[in-house]
Structures are given as C-alpha cells and as structure tokens.
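J.: In the numbering used here, the protein residues as written are 3 to 210. Backbone N, C-alpha and C define an ideal beta-carbon position, used for all residues, glycine too. Below is a structure I'd like to ask you about.
Spelled out as structure tokens, the structure:
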C-alpha cells in the first residue's frame, strides 16, 4: 500500500489519491478498468496547472459491472477514509448529464502506473465546453487558465459547442442550450477577447 504522507501539490496529491485507490482495490473481473477523469482534475493532469479541488469526477462506466461504481464510492467517495486522508473524494458522474458532443475526446495519462486501472482525461477543449453548463466562478477561472496557456483553440471550442448543442437538442434539455450559448459568448468576449460567435441553434433549442 502506498505511503500515507500527502503531497502539498494538487496534481501530485490527486495522483497519490488514485494510486491509493488502486492499492486498495479488490478485483471485480473487469480489470484493467478505464477511469475517465473530467472537470478541473482532467485539466491539472494534462496541463501545467495546479488548483485545489475537493472532488475528482470520473465518468460512470457504460459497460462495466455495477460493482465498479459501488467499490469506487466505498473506497474513495464522500466521508471515506481516503476522503479524510487526501481531502479529495471521488464522484461518479452519469455520461448523459454532461454538456458534451457525441464522442467526447479522452487522452491517456501515461505517467500513472496502476495495476487495476487505466486513467484517461477529458480533452481540454471538451472540459471547457462541459463547464459552460454550470459556469460558475471556478469554471471561468479554469477556462481562463487554459486560455492563458494557449491551450484553448477558439475555432475548436465553437465547433465542439455546436456538437454538444446538437446532442442536447434531441430531448427536454434543448431549452437550456441558449443559456449555455450565453456563457460561451461570455468566454469569447471576456476571456478570449474575440467577437462572440454567431451560432444558429437547432430549432428545438428555441422557445416557441
């Protein structure tokens, strides 16, 4: 089992947190399991970026046994020993709720040698798109940090937003998309310093 000493650097601390989950894992027959990390933790694992975070969001496996989610939360969810030790907890997020295009892009984390898991991180631009749904102060700061590091391509951001809007247009969430577009325009204007894009939303996204 790994050491109980915690690093003070958020990125190193999150990696130690994942290593401790791996060390305590009891195989369920689906190993190695792919953990797809999203949100600010995904940014920290692929960019020169450190900020404190209280949770690490991973996507729920679409084809794995329910025992995977159950054990992840039992080991590292809220109010567990690992949460107390690292001041980070794991949250398992349903894929359907994320504002993302069909086929989100993930990249492998190559410097994490784990026995039971493969760790992938959501692409930086896709993380930014997903943050337009909630878009609070932390989300804006995360997006700004990526823009400051020249890691947020404007054209690709707009293209991925359109893909996410198309995906949400097929159900009751369609009417929320204009608010996400307003958030995108805020990013373009206030963070990227460009003219907000003229995006024609699908008809389903517009009120009658």
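Sort out for me which residues DSSP pairs residue 58 with in a bridge.
T.: DSSP, once it has assigned bridges, lists 92 as partnering residue 58.
J.: Counting only the same chain and skipping the five closest in sequence on each side, list residues whose C-beta sits under 6 Å from that of residue 33.
T.: The answer, listed in chain order, is 118.
J.: Which residue spans inside the region 98-174 form an unbroken beta strand (DSSP E) run of at least 3?
T.: Here the runs fully enclosed are 108-110 and 119-124.
J.: Got a sec, what are the start and stop residues for the alpha helix (DSSP H) residue 2 sits in?
T.: Outside the shown range of the chain (3 to 210) lies residue 2, about which nothing can therefore be said.
J.: Helix, strand or coil: how does DSSP classify residue 179 here?
T.: Looking at residue 179 - three-state DSSP - the assignment turns out to be helix.
J.: Using 10 angstroms around the beta-carbon of residue 136, count the other beta-carbons present and answer buried if the total reaches 16, otherwise exposed.
T.: With fewer than 16 other Cβ atoms within 10 Å, it is exposed.
J.: According to the Cβ coordinates, are residue 43 and residue 124 closer than 7 Å?
T.: Contact flag unset, no.
J.: Based on the DSSP output, what are the partners of residue 37 in its beta bridges?
T.: In DSSP, residue 37 forms a bridge with 121.
J.: So, helix, strand or coil for residue 202, using DSSP?
T.: In the structure shown, residue 202 sits in coil (DSSP, three-state: anything other than H, G, I, E or B).
J.: Are the CB atoms of residue 190 and residue 196 within a distance shorter than 7 Å?
T.: Yes.
J.: If the criterion is Cβ atoms closer than 7 Å, does the pair residue 52 and residue 40 meet it?
T.: No. Outside cutoff.
J.: Does the Cβ of residue 133 have 16 or more other Cβ atoms within 10 Å, making it buried, or fewer, making it exposed?
T.: Per the 10 Å Cβ criterion, buried.
J.: Going straight from the alpha carbon of residue 23 to that of residue 76, what length do you get?
T.: So the alpha carbons of these two residues sit roughly 10 Å apart.
J.: Restricting to Cα atoms, I'd like to know which of 151, 130, 153 and 152 is closest to residue 142.
T.: Considering only alpha carbons, the answer is 130.
J.: According to DSSP, is residue 50 part of a helix, a strand, or is it coil?
T.: Here residue 50 sits in coil by DSSP.
J.: Taking a contact to mean a Cβ-Cβ separation below 7 Å, would you say residue 47 touches residue 97 in this structure?
T.: The answer is no: Cβ separation not under 7 Å.
J.: Could you round the C-beta distance between residue 153 and residue 126 to whole angstroms and report it? I think they count as a contact, below 8 Å.
T.: With a Cβ gap of about 5 Å, residue 153 and residue 126 count as contacting.
J.: Which residue comes first and which comes last in the alpha helix (DSSP H) that contains residue 193?
T.: No alpha helix (DSSP H) contains residue 193, which DSSP labels as neither H nor E.
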